[in-house]
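Those letters in the sequence shown? Residues 1 to 115, by full-length UniProt numbering. Even for Gly, the Cβ is constructed at its ideal location relative to N, Cα and C. Model, not experiment: these values are computed from the prediction.
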Amino acid sequence: MKDIFIVEDDALIAMLLEDMLADLGYRVCASAPDLERALATARDTEFDAAILDVSLAGQSSLPVAKLLDERGKPYIYATGYGTAPDGSSPSTLPVLQKPFQLSELEQAMKRLTEA
Numbered sequence: 001m002k003d004i005f006i007v008e009d010d011a012l013i014a015m016l017l018e019d020m021l022a023d024l025g026y027r028v029c030a031s032a033p034d035l036e037r038a039l040a041t042a043r044d045t046e047f048d049a050a051i052l053d054v055s056l057a058g059q060s061s062l063p064v065a066k067l068l069d070e071r072g073k074p075y076i077y078a079t080g081y082g083t084a085p086d087g088s089s090p091s092t093l094p095v096l097q098k099p100f101q102l103s104e105l106e107q108a109m110k111r112l113t114e115a
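This is the structure we're talking about:
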């Protein structure tokens with residue numbers, strides 16, 4: 001599992017996340033800053049796993065998560081809100097609390113690959 005799709009509406013956080021993932025040996029193969037592009041990318045792009053911001057400019061990323069569930073693609077939520085959005089499945093997904101450290105991202109990615 002090396003190719004990661006990032007869904008993040010804050011460009012600085014997306015760049016930081018990309019750098020952190022590279023430090024851990026992952027490659028960001030796609031990213032999307034809004035719900036519309038995230039849905040299109042999630043549907044049409046090949047990747048191994050995704051990291052989803054819970055809120056994309058006020059819109060929930062839950063539709064992206066549902067699409068990833070349908071495709072059998074694992075993902076992590078990254079959020080400053082504390083929890084995954086209501087309706088998320090499965091409830092045991094790693095949730096990365098913003099702001100996070102490299103070690104926390106590494107642990108979340110390990111949990112993701114073990115799931």
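Fill in: Distance cut-off 8 Å: E70 Cβ against heavy atoms of the ligand ZN
For the structure depicted, the ligand ZN is absent and the ligand set is empty, with no information on it obtainable.
Practice prompt. For my contact list, S61 and D53 are in at a C-beta cut-off of 8 Å; report their separation, rounded to the angstrom.
Written response: A Cβ-Cβ separation of about 6 Å places S61 in contact with D53 under the 8 Å criterion.
Worksheet entry | Whole-angstrom C-beta distance between D23 and L102, which should lie under 8 Å | In this structure L102 touches D23 by the C-beta definition: roughly 6 Å separates them, less than 8 Å.
Worksheet entry | Helix, strand or coil at Q59 [DSSP, three-state] | Residue state, collapsed to three classes: strand.
Item to complete: Just the C-alpha distance for Q97 and D69, rounded to the nearest angstrom, thanks.
Response: Each residue's alpha carbon lies about 21 Å from the other.
Discussion item. Measuring only the C-alpha atoms, how far is L88 from L17?
Written reply: It should be pointed out that residue 88 corresponds to Ser in this sequence rather than to Leu. The straight-line gap from Cα to Cα measures roughly 22 Å.
Item to complete: Give, in chain order, every unbroken run of the beta strand (DSSP E) that is at least 3 residues long and sits entirely within the UniProt domain "Response regulatory" (3 to 113).
Response: With a minimum length of 3 residues, the continuous beta strand (DSSP E) runs that stay inside the UniProt domain "Response regulatory" (3 to 113) are 3 to 7, 27 to 32, 49 to 53, 75 to 79, 95 to 97.
Worksheet item: Between P74 and L112, is the Cβ-Cβ spacing less than 9 Å?
Response: Yes. Within cutoff.
Worksheet item: What residue from A40, D44, A50 has the CA that sits closest to V28's CA?
Response: Closest option to V28, judged by alpha-carbon separation, among A40, D44, A50: A50.
Practice prompt. To the nearest angstrom, report how far apart A57 and M15 are at their CA atoms.
Written response: When rounded, the distance between both Cα atoms is 17 Å.
Worksheet item: How about V7 and A40: are their beta carbons less than 9 Å apart?
Response: Not a contact, by the Cβ cut-off of 9 Å.
Worksheet item: When burial is assigned at 16 or more other CB atoms within 10 Å of the CB, is T79 buried or exposed?
Response: The residue is buried, with at least 16 neighbouring Cβ atoms inside 10 Å.
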